[in-house]
Amino acid sequence: MVAVEKAGIPAVAIAARSFARAWQSCVDGWGQPSASFVTIPHATTGQQSDFIHKMVDDQIDNIIKCLTEIPATVKDIRGSRKEAHTTDIFDIDIDASPEGLDAVNRFLAERDWSDGIPVIPPTPAAVEKMLGGTKRAPQEVLMVMEPGFGLATIEKIAINAVMAGCRPEQFPVLLAAIDCLGKPEMNHRDMQVSGHTEAPIILVNGPIAEKAGINFGTTAMGPGVINSANTAIGRALRLCLINIGYCNAGAGDPNFVGLPTKFGMCIAENEAASPWQPYHMDLGYKKDESAVTVVTVTGPTTIIDPRSKNHEDTLNNISSMMFYPNAGSGNWLKGWESAQIGHTNRRIQYQGPYHPIILSPSRAVIMAEAGMSKRDAQEWLHENCRASLKSILSKGDIPTDSDGNWIHHPELQHLADNPDATIPALESPEQYLLFVTGGSTHYANFFYGTYGIATSPVENV
Amino acid sequence: MKLQIMSPAADRVDYKVPPAPRLSGLEGKTIGLYNNMTGGADIAVDRVAEHIVKRFPGVKIERYGGDRRPGRPALSRGTHIDDIEAKIIASEVDAMVGATAH
Numbered sequence: 523m524v525a526v527e528k529a530g531i532p533a534v535a536i537a538a539r540s541f542a543r544a545w546q547s548c549v550d551g552w553g554q555p556s557a558s559f560v561t562i563p564h565a566t567t568g569q570q571s572d573f574i575h576k577m578v579d580d581q582i583d584n585i586i587k588c589l590t591e592i593p594a595t596v597k598d599i600r601g602s603r604k605e606a607h608t609t610d611i612f613d614i615d616i617d618a619s620p621e622g623l624d625a626v627n628r629f630l631a632e633r634d635w636s637d638g639i640p641v642i643p644p645t646p647a648a649v650e651k652m653l654g655g656t657k658r659a660p661q662e663v664l665m666v667m668e669p670g671f672g673l674a675t676i677e678k679i680a681i682n683a684v685m686a687g688c689r690p691e692q693f694p695v696l697l698a699a700i701d702c703l704g705k706p707e708m709n710h711r712d713m714q715v716s717g718h719t720e721a722p723i724i725l726v727n728g729p730i731a732e733k734a735g736i737n738f739g740t741t742a743m744g745p746g747v748i749n750s751a752n753t754a755i756g757r758a759l760r761l762c763l764i765n766i767g768y769c770n771a772g773a774g775d776p777n778f779v780g781l782p783t784k785f786g787m788c789i790a791e792n793e794a795a796s797p798w799q800p801y802h803m804d805l806g807y808k809k810d811e812s813a814v815t816v817v818t819v820t821g822p823t824t825i826i827d828p829r830s831k832n833h834e835d836t837l838n839n840i841s842s843m844m845f846y847p848n849a850g851s852g853n854w855l856k857g858w859e860s861a862q863i864g865h866t867n868r869r870i871q872y873q874g875p876y877h878p879i880i881l882s883p884s885r886a887v888i889m890a891e892a893g894m895s896k897r898d899a900q901e902w903l904h905e906n907c908r909a910s911l912k913s914i915l916s917k918g919d920i921p922t923d924s925d926g927n928w929i930h931h932p933e934l935q936h937l938a939d940n941p942d943a944t945i946p947a948l949e950s951p952e953q954y955l956l957f958v959t960g961g962s963t964h965y966a967n968f969f970y971g972t973y974g975i976a977t978s979p980v981e982n983v
Numbered sequence: 027m028k029l030q031i032m033s034p035a036a037d038r039v040d041y042k043v044p045p046a047p048r049l050s051g052l053e054g055k056t057i058g059l060y061n062n063m064t065g066g067a068d069i070a071v072d073r074v075a076e077h078i079v080k081r082f083p084g085v086k087i088e089r090y091g092g093d094r095r096p097g098r099p100a101l102s103r104g105t106h107i108d109d110i111e112a113k114i115i116a117s118e119v120d121a122m123v124g125a126t127a128h
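Rendered as structure tokens:
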């Protein structure tokens with residue numbers, strides 16, 4: 523709606539009350555904090571017409587008023603600067619009393635600069651030490667992070683890394699993760715502002731995993747001292763999304779109920795235990811190079827696989843847990859996904875989604891022992907995870923040309939009248955992102971990929 | 027004792043859009059209705075149109091959202107109005123009512 527105002531005509535939006543802070547956060551980012559909107563008590567989605575009518579009826583006078591009266595100035599946009607400037611430094615009174623020990627956290631919480639859990643104070647000395655973990659310049663801007671359009675400088679990332687409990691040797695992993703977010707194919711805007719429940723997962727490959735102390739064995743995605751690097755890196759990314767991207771809970775982040783994985787997820791591949799080559803080598807990296815992949819996911823679903831006697835049992839078990847109606851399977855018939863970035867809402871396209879399947883080494887071995895390569899396993903899943911074409915078409919909106927021919931995949935249109943026809947749930951085998959890690963036993967975790975994916979090299983410091 | 031901490035909040039790109047001039051009234055105007063294709067958004071803006079047409083008989087209505095304009099982007103929850111689309115819309119209507127945050 524701000525784009526419409528920018529084009530010179532008045533606009534007003536109708537927003538559900540629970541999204542009011544999200545609306546305000548978005549229009550702040552788009553440079554018009556006073557953009558007009560009215561709220562209705564409930565989202566319209568899933569409501570009956572009469573109920574929606576009643577909600578609109580109650581607001582119609584305000585809607586008209588918004589088109590005829592200049593909106594009142596709301597406030598300055600938090601963090602907006604005309605010129606580059608040095609980072610603010612605050613003096614906090616602390617002492618050994620319970621209140622004194624909590625003073626820094628209270629200060630940060632009052633400004634919504636936290637994930638809600640106590641942090642390490644980002645003192646200038648601690649930040650300088652963190653900056654020693656990279657050769658990159660403190661004022662280098664890695665990306666403009668939405669929805670707040672915050673400048674992700676190395677220094678700001680370092681401040682948030684200190685708060686999360688990162689150590690300098692872990693800092694390059696975090697920087698590579700933010701390099702990923704800065705790529706258009708990552709579609710980080712939708713990851714940030716969607717009402718869906720989803721979160722970024724950081725997948726690490728190469729020698730950096732050991733150097734950074736990332737656990738890739740038992741409990742690696744859980745709590746515990748042996749997982750402190752995993753936890754700190756994942757948490758640091760979330761703090762960056764909040765404090766640099768202005769994706770604050772209930773505002774820029776309007777998830778309907780949130781997701782525990784949003785606190786952070788970071789894991790490295792158990793490359794020594796895997797019978798297959800590591801994921802980054804699938805992408806062309808060398809074994810002695812390090813890379814970070816970020817995927818936006820929901821889940822996970824744990825796949826319990828104690829009774830499989832062979833690779834097909836295991837793959838059947840995995841595939842049976844992955845797809846469900848309305849989850850986007852078969853959407854590739856509509857062409858590549860579309861997303862937008864920047865203040866101009868420039869359109870970009872990306873292939874999605876990618877579904878990470880966190881395979882215990884034991885489950886990869888059962889396939890490898892049967893002679894399956896990773897690619898074989900991906901192709902098995904691609905061939906056997908299928909969606910009913912009829913159910914996909916029932917959702918409508920397959921793009922067609924003026925003659926009614928499907929624009930994407932016209933070779934499949936002849937199946938449209940076959941009620942029993944199925945197509946692969948995903949377009950390509952590699953969208954089943956097999957990542958071998960954790961302790962070696964009879965489990966896998968399936969994450970449903972929702973938006974983008976990107977991979978970046980890790981700086982060799 | 028005092029402890030110094032550095033602000034974790036980023037500077038934002040400096041970008042401001044002033045409010046567009048408002049209408050003196052809706053009589054004789056063309057009003058755009060934009061729904062972003064989330065459930066019920068079409069019902070909400072259609073209800074707005076019912077009210078406006080009843081109160082201001084000379085008003086015309088144009089609808090946006092979905093694939094209503096062949097050859098132009100199918101505006102939706104995932105495909106927002108961009109600057110180019112906004113200029114086209116501004117040439118077609120005098121004001122816009124949108125159902126967008128659902």
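Protein chains in written order, with this note's numbering: chain A, 523 to 983; chain B, 27 to 128.
Note that CB positions come from ideal geometry on N, CA and C, so glycine has one too.
Fair warning: this is a prediction, and the values are worked out from it, not measured in the lab.
Counted within 10 angstroms of its Cβ, other Cβ atoms place ASP942 (chain A) as buried (16 or more) or exposed: exposed
Assigned secondary structure, THR719 (chain A) (DSSP; H/G/I helix, E/B strand, else coil): coil
Looking at PRO47 (chain B) and the ligand MN, is the gap between the Cβ and the nearest heavy atom below 7 Å? Looking for the ligand MN in the displayed structure turns up nothing, as the structure carries no ligands at all.
If distances are taken between C-alpha atoms only, which option among A:ALA886, A:ASP637 and A:ASN770 comes closest to ILE840 (chain A)? Closest by C-alpha distance to ILE840 (chain A), out of A:ALA886, A:ASP637 and A:ASN770, is A:ALA886.
Straight-line CA distance for TYR90 (chain B) to GLY65 (chain B)? Taking the straight line joining both Cα atoms gives about 15 Å.
Report the CB separation of ASN867 (chain A) from HIS106 (chain B) in whole angstroms; it is logged as a contact under 8 Å. Yes, they are in contact, since the Cβ atoms of ASN867 (chain A) and HIS106 (chain B) sit about 5 Å apart, within 8 Å.
Could you have a look at ASP72 (chain B) and say whether DSSP puts it in helix, strand or coil? helix
Alpha carbons only, please: which of A:LYS808, A:ILE531 and A:ILE730 is nearest the one belonging to ARG48 (chain B)? Closest by alpha carbon: A:ILE531.
PRO660 (chain A) CB to nearest chain B CB: under 8 Å? Not one chain B Cβ lies under 8 Å of PRO660 (chain A).
Using 8 Å as the threshold, is the C-beta distance between HIS877 (chain A) and PHE969 (chain A) below it? yes
Is it buried or exposed for GLU949 (chain A), if we count other Cβ within 10 angstroms and need 16 for buried? buried
DSSP-derived helix/strand/coil call for CYS788 (chain A): When secondary structure is reduced to three states using DSSP, CYS788 (chain A) falls in the strand class.
Run through chain A and tell me which residues come within less than 8 Å of ALA116 (chain B), C-beta to C-beta. Within 8 Å Cβ-Cβ: VAL526, ALA529, GLY530 and ILE531.
Check whether the Cβ atoms of VAL958 (chain A) and GLY728 (chain A) lie closer than 8 Å to each other. no
Cβ atoms of ALA890 (chain A) and TRP798 (chain A): under 8 Å apart, would you say? yes
For GLN862 (chain A), which residues does DSSP report across the bridge? A:ARG869
Quick one: what's got a C-beta closer than 7 Å to PRO643 (chain A)'s C-beta in the same chain, skipping five residues either side? VAL626
Within 8 Å, do at least three Cβ pairs link the segment 819 to 839 of chain A to the segment 754 to 768 of chain A? Because the criterion of three Cβ pairs below 8 Å is not met, the segment 754 to 768 of chain A and the segment 819 to 839 of chain A do not touch.
At least one CB of chain A closer than 8 Å to the CB of ARG48 (chain B): is that the case? It does; some Cβ of chain A falls within 8 Å.
Taking Cβ-Cβ distances shorter than 8 Å, what residues in chain B pair up with PRO643 (chain A)? LEU29 and ILE31
I want to verify the contact list: residues of chain B whose CB lies under 8 Å from the CB of GLU632 (chain A), in sequence order. Residues of chain B passing the Cβ test: none, with the nearest at roughly 12 Å.
Starting from the beta carbon of MET75 (chain B), find every residue of chain A whose beta carbon is closer than 7 Å, and list them in chain order. The sequence given here places Ala at residue 75 (chain B); Met does not occur at that position. Here the premise fails: no neighbours, minimum Cβ distance about 10 Å.
Leaving out five residues before and five after TRP854 (chain A) in sequence, what residues of the same chain have Cβ atoms less than 6 Å from its Cβ? GLU949
Figure out for me which residue from A:TRP545, A:ALA525 and A:ASN752 has the closest Cα to the Cα of ALA533 (chain A). When only C-alpha atoms are compared, the closest one is A:ALA525.
Provide the residue(s) that pair with ASN927 (chain A) in DSSP beta bridges, ordered along the chain. According to DSSP, which records beta bridges pairwise, ASN927 (chain A) is partnered with nothing at all.
Can you look up ASN839 (chain A) in the DSSP assignment and give me helix, strand or coil? Note: ASN839 (chain A) maps to helix in three-state DSSP.
Distance between beta carbons of GLU677 (chain A) and GLN661 (chain A), contact taken as under 8 Å: 7 Å
Name the two residues that bound the continuous beta strand (DSSP E) containing LEU59 (chain B). That run of the beta strand (DSSP E) goes 56 to 61.
Roughly how many angstroms lie between the CA atoms of GLY551 (chain A) and TYR973 (chain A), to the nearest whole one? 21 Å
Can you give me, in chain order, the residues of the segment 852 to 864 of chain A that have a beta carbon less than 8 Å from any beta carbon in chain B? GLU859, SER860, ALA861 and GLN862
LEU52 (chain B) at chain A interface by Cβ criterion, 8 Å: yes
Buried or exposed: ARG94 (chain B), going by 16 or more other Cβ atoms within 10 Å of its Cβ? Looking at its Cβ environment, which holds fewer than 16 other Cβ atoms inside 10 Å, ARG94 (chain B) is exposed.
Please list the residues of the segment 815 to 828 of chain A that have a C-beta atom closer than 9 Å to any C-beta atom in chain B, keeping them in chain order. none
TYR41 (chain B) vs PHE541 (chain A) beta-carbon contact at 8 Å: no
Could you spell out the range, first to last residue, of the beta strand (DSSP E) harbouring LEU956 (chain A)? 954 to 958
Please list the partners that PRO646 (chain A) has in chain B, where partner means a Cβ-to-Cβ separation under 9 Å. GLN30, ILE31 and MET32
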